[in-house]
Structure formats: C-alpha cells, structure tokens
Amino acid sequence: MKIAAQEAPRLRHFRGAEPAILFTVSRQLFAIAADAVQEIRSTDSIAGASSEFDCPEVPKVRHTFERARRQYYVVNACAHFGLRVARPALVLILRQLRVAVLVDRIERMTELPSIYDLPLGFSGEERRWYRGLTHIEDHVIPVVDPRGFLTPEEFRQIEGVPVPLASPQELEGAASK
Amino acid sequence: MMACENAQRDSFVLLQLAERRFALPAEGVAELAPPVRLHTFPHTSSLLSGVIVRRGRILPVYDAARALSGKSSLAHRFYLVARRRFGETSEMSAIPVDGECELVTGEARPRSEAAPPYICGEIAVGDESVGILDIEAFVRMHENTGAKSLSEPRA
Numbered sequence: 638m639k640i641a642a643q644e645a646p647r648l649r650h651f652r653g654a655e656p657a658i659l660f661t662v663s664r665q666l667f668a669i670a671a672d673a674v675q676e677i678r679s680t681d682s683i684a685g686a687s688s689e690f691d692c693p694e695v696p697k698v699r700h701t702f703e704r705a706r707r708q709y710y711v712v713n714a715c716a717h718f719g720l721r722v723a724r725p726a727l728v729l730i731l732r733q734l735r736v737a738v739l740v741d742r743i744e745r746m747t748e749l750p751s752i753y754d755l756p757l758g759f760s761g762e763e764r765r766w767y768r769g770l771t772h773i774e775d776h777v778i779p780v781v782d783p784r785g786f787l788t789p790e791e792f793r794q795i796e797g798v799p800v801p802l803a804s805p806q807e808l809e810g811a812a813s814k
Numbered sequence: 002m003m004a005c006e007n008a009q010r011d012s013f014v015l016l017q018l019a020e021r022r023f024a025l026p027a028e029g030v031a032e033l034a035p036p037v038r039l040h041t042f043p044h045t046s047s048l049l050s051g052v053i054v055r056r057g058r059i060l061p062v063y064d065a066a067r068a069l070s071g072k073s074s075l076a077h078r079f080y081l082v083a084r085r086r087f088g089e090t091s092e093m094s095a096i097p098v099d100g101e102c103e104l105v106t107g108e109a110r111p112r113s114e115a116a117p118p119y120i121c122g123e124i125a126v127g128d129e130s131v132g133i134l135d136i137e138a139f140v141r142m143h144e145n146t147g148a149k150s151l152s153e154p155r156a
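Protein chains in written order, with the working numbering: chain Y, 638 to 814; chain L, 2 to 156.
This is the structure we're talking about:
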C-alpha cells in the first residue's frame with residue numbers, strides 16, 4: 638500500500654472523438670451524441686402542437702406531439718433521472734426514436750475524447766441510462782444512451798394509451814405538473 | 002476487494018469506517034489515495050456515492066461509512082483503492098476512509114457468532130480484536146437492503 642501523488646488522467650477507452658451536446662437537467666450536466674439529436678427546440682415553439690398525455694405507468698411522459706406523421710413522446714428528464722424538478726426550457730428531439738426530452742439548457746457543443754465504460758459497481762437503472770462516462774476538463778459527465786429514455790416495455794405501455802386528437806397544452810412548466 | 006477465502010493471509014490493512022476499525026486483506030488493496038474530487042451524477046446503486054478519477058481510471062466510490070452509520074462523511078477523506086470482483090472480472094474501487102490506514106500482520110481467526118455477516122474473521126491487534134471485512138458480502142447486503150435514494154446528485 639502506498640500514498641501516491643495524484644496523476645493526470647489518461648485515456649483508456651479511446652473510440653475516436655465524438656461530437657456531443659452537453660446539456661443540463663436540474664443543474665446536472667449530461668452529454669449526448671450530437672448525431673442522436675435531430676433538432677433542439679424551445680418548449681414554447683412546440684407547445685401549440687403538443688397534447689397532454691397521461692399514462693400512470695410512465696409518469697415521466699406527460700405530453701406528446703405529432704411530427705412528420707409520427708407520434709413523439711416527451712420525456713421529462715428530471716423525472717427520468719430522479720432529479721429535483723426544474724423548469725425545462727428546451728426540447729431535444731431525438732433522431733430515429735419517437736422521443737423528445739425536456740431539458741433545462743444546452744451548455745455547449747464539444748467533442749468527447751473518450752467514453753469510459755460505466756464501472757460495474759453501478760448496477761441499477763443507470764446501466765440503461767448511460768452509454769458510459771466521459772472526462773472533460775476535470776468533470777466526469779455521464780453520456781446518455783438515447784434508447785434509455787423509453788424502454789421497449791415503456792413504449793408498449795404508452796402506446797396502449799389513446800392520444801387526444803387536439804388539446805394543445807403548454808409544454809413550458811410541464812415538470813411542475 | 003477480497004472475498005473471505007483469502008482472509009487467512011497474514012497481511013492486513015486496518016481502516017477506520019464510521020468510528021469502527023476493520024481489517025482488509027492487504028493483497029486486495031492497491032493504494033491509499035489522497036482526497037480527490039468526488040464526481041456525482043444520477044444513479045440508483047445504493048452504496049455508491051459517485052466516482053473519482055485515479056491514475057487515468059474512473060473508480061466507483063463506495064460510501065461504506067454511510068451504510069454503517071447512516072452518516073455520510075465524504076469530506077476530508079482518503080480513498081482506499083481496492084479490487085472488487087465481478088465473477089471472472091474485477092475492477093478497482095474506492096472506499097472513503099477516516100484518517101490513516103495501517104498495515105499489520107496477524108493470523109486470521111474464525112469470526113465470532115455475534116459478528117455481522119460481512120465480517121468473515123478476526124485478527125488480534127494489540128488487545129483489540131478487529132473484524133476482517135468481506136467487502137463482497139458487505140456490498141451484497143447493503144445493495145439488497147439499501148434504499149434507492151442516490152439519484153439526487155450531491156455536492
């Protein structure tokens with residue numbers, strides 16, 4: 638056993654720099670691959686097209702909207718990650734998934750130099766939430782897995798709920814409902 | 002982090018957790034790391050408080066003291082870095098410890114019947130009998146009973 642001097646971190650799982658979006662939810666920083674996001678909109682801008690949605694089994698989804706003839710489900714990221722309720726201002730509309738995610742704000746675009754596997758000690762739902770962890774400027778940031786926002790089981794549950802035809806609701810402040 | 006079968010080896014690291022002393026077989030201990038920044042993010046693994054970056058690796062931090070005493074004391078800590086096994090594989094993990102650790106030699110004795118299930122033996126240190134901590138049993142026990150309340154990141 639020894640007490641050793643602190644060393645600079647080195648890359649262990651280099652997979653090539655990956656463009657990513659850093660965003661915050663309830664003051665917690667996350668990263669998501671840029672190519673997983675189709676569009677970023679303000680909650681105001683899609684409020685008119687959204688419908689209130691109620692599925693008790695999946696309470697993190699409170700709204701839905703239609704886009705290009707596809708029904709998108711809006712996941713409140715605070716509820717998804719079990720974070721303190723915040724006031725989301727933006728919606729990340731994901732690519733290839735009928736999921737949009739309410740987040741607080743975009744911090745910046747960046748390139749992830751590496752993604753470390755989530756340590757095996759983490760054995761809960763976070764294994765589904767995250768692709769891994771990245772280390773940027775002395776911050777360890779979880780890299781979210783877009784597929785983790787709604788599992789196939791959750792999709793089955795919410796697909797069984799009839800969607801109102803037209804009842805636009807304000808998405809803004811949805812987290813507080 | 003060693004399982005109990007290895008406890009008969011005669012070198013142990015004494016560590017202080019929640020004002021109690023425990024022994025860990027030394028062969029599973031890598032180092033005593035200085036206090037470094039604890040990084041937190043949402044998760045549901047009840048014993049884990051976050052991760053630290055050490056020697057280029059991201060290590061999970063097991064807040065064993067909190068599980069023992071109910072009080073988290075993540076400040077002013079050294080981190081005991083030890084190996085935890087997961088079947089055929091293993092990973093280095095960190096346990097915040099109070100103050101200094103001590104390397105001792107001694108002969109492992111069977112645990113007393115009154116000892117908790119995560120104590121797999123004892124060693125004599127002076128007049129004191131110190132329980133040998135079976136980290137795997139400790140984690141299993143607290144993963145099963147611990148509330149999933151760590152989603153909220155803590156500063």
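No residue lacks a Cβ here, since even glycine has one placed at the ideal position from N, Cα and C.
Every value quoted in this text rests on a predicted model; they were computed, and no experiment measured them.
- As far as DSSP is concerned, phenylalanine 718/Y takes part in no beta bridge.
- Straight-line spacing of the CA atoms in isoleucine 120/L and glutamate 796/Y works out to 49 angstroms.
- Annotation: the continuous alpha helix (DSSP H) that includes phenylalanine 792/Y extends over 789-796.
- As the crow flies, the alpha-carbon of leucine 727/Y is around 8 angstroms from that of aspartate 681/Y.
- DSSP places threonine 45/L in no beta strand (DSSP E); its state is neither H nor E.
- Annotation: Cβ neighbours of glutamate 762/Y in chain L (cutoff 7 angstroms, chain order): Thr45.
- Annotation: the continuous alpha helix (DSSP H) that includes serine 682/Y extends over 680-684.
- When Cβ pairs closer than 8 angstroms are counted between the two stretches, the stretch 697-710 of chain Y is seen not to touch the stretch 748-765 of chain Y, the count staying below three.
- Using a CB distance below 9 angstroms, the part of the stretch 18-52 of chain L facing chain Y consists of Ala27, Val30, Ala31, Glu32, Leu33, Ala34, Pro35, Val37, Arg38, His40, Thr41, Phe42, Pro43, His44, Thr45, Ser46, Ser47, Leu48, Leu49, Gly51, Val52, ordered along the chain.
- The C-beta of glutamate 101/L comes no closer than 7 angstroms to any C-beta of chain Y.
- Contact annotation, isoleucine 677/Y with isoleucine 743/Y: C-beta distance approximately 7 angstroms; criterion of less than 8 angstroms satisfied.
- Between the stretch 12-21 of chain L and the stretch 96-109 of chain L there are three or more C-beta pairs closer than 8 angstroms, enough to call the two in contact.
- Looking at the DSSP output, glycine 132/L bridges to Phe23/L, Glu123/L.
- Inclusion of arginine 768/Y and aspartate 782/Y in the CB contact set at 7 angstroms is warranted, their separation being smaller than that value.
- For arginine 84/L, the enclosing beta strand (DSSP E) has its first and last residue at 79-87.
- Contacts with chain L at 7 angstroms (Cβ-Cβ) include glycine 719/Y.
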